[in-house]
Amino acid sequence: MKRTWKGYLFAGPLLLGFLLFYVLPFGQVVWDSLSQGTGKSQLFVGLENYSRMFQNDMFRMAFGNTMGFLGIGLPVILLLSYGLALFLKRQARRFQLLRTVFLLPYVMPVAGTVLLVDLLFSREGLVNRLLFTLGMPLADWLQSPAAFWVMLILYLWKSTGYAVVLLLAGLMAIPPDHYAVAQVEGAGRWQAFRYITMPQMWYALFIAFVFSLINAFKCFREIFLVGGEHPHPSVYMLQHFINNSFENLNYQRLSVASVLLFLVLTLVLGACALWVLRKEAARS
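Residue numbering for the sequence shown follows my numbering, starting at 50 and increasing by one per position.
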């Protein structure tokens, strides 16, 4: 009994901090999203704010751009990093230095990343100079629909290395004996990959997915610094919408956008977690 109370005593400050700084503020955000006014004059209006939000053109554009960015970026980064991790595992002795090189873009300061984007893709950047030398038409990469693809490339360049390291750790954790037995039984590379590698990589893939999702939202820093508060419509993200709502003191709109983003992320992560758990249960 004493040990139990000691555990509660040590965990108490952490639980209290979580309640004060996470649970209660989130509860306030949910209440703000369901009400009108501020302070004592707040009135419950139900889902009226949500109905208005879906009629807001800026929100729909920001939500569509954000979901499009995630819908393209996450599958590409997982496939690319998985392929690179498989390659590095087979060539582990020859390319040991590459593991460190892959992490360099991830640890690169935000200011350096923004300067690199400007150096390459500004109107007088290296890409336009190369196009001019080749006699091809120039493009305004950061103030046109191409800005979406520039930011997507930036995200892939900056975050792929971290996912590679996570997946490579998962591959290294698979016992070599499994592959030796499969080889003795006459299994080919594809069969070994399908029946040995993939079933034991679901947890590693889920972890890589979660961190890649986090890094996708971190990429907003670069998008904001490159495009400002009102960038080209193709890269106007939910974070822009939330930030602008905060500056305009529109707490209801800010709260609704935050709750909707939370619900979408919870559904996506929950569905992926359940899928991984089912795969693991089927394997065992």
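Each residue gets a CB set at the ideal place from its N, CA and C atoms; glycine is no exception.
Check	Outcome
Proximal residues to LYS138 (C-beta, below 6 angstroms), its chain only, five neighbours per side dropped	LEU220
Per-residue DSSP class, three states only, for SER171	coil
Buried versus exposed, by CB contacts within 10 Å (16 or more), SER100	exposed
Of the residues GLY95, LEU69 and ALA253, the one placed nearest ASP81, counting alpha carbons only	GLY95
Contacting residues, own chain, Cβ-Cβ under 7 angstroms from PHE112 (five flanking each side not counted)	LEU287
Pairwise C-alpha distance: PRO154 and PRO224	31 angstroms
Strand pairing of PHE93, partner residues [DSSP]	SER84
Simplified DSSP state of LEU191, which is helix, strand or coil	coil
Cut-off 7 angstroms between Cβ atoms - residues of its own chain near VAL230, not counting five sequence neighbours on either side	none
Whether SER283 touches ALA196 by CB criterion (8 angstroms)	yes
Touching by the beta-carbon criterion (3+ pairs, under 8 angstroms), the stretch 197-212 and the stretch 293-309	no
Cutoff 8 angstroms; reference PHE255; Cβ partners in own chain excluding five residues on either side	CYS321, ALA322 and VAL325
Local conformation of MET185 per DSSP, three classes	coil
Where LEU262 falls, given that 16 or more other Cβ within 10 Å makes a residue buried	buried
Residue range of the alpha helix (DSSP H) that includes CYS321	300-332
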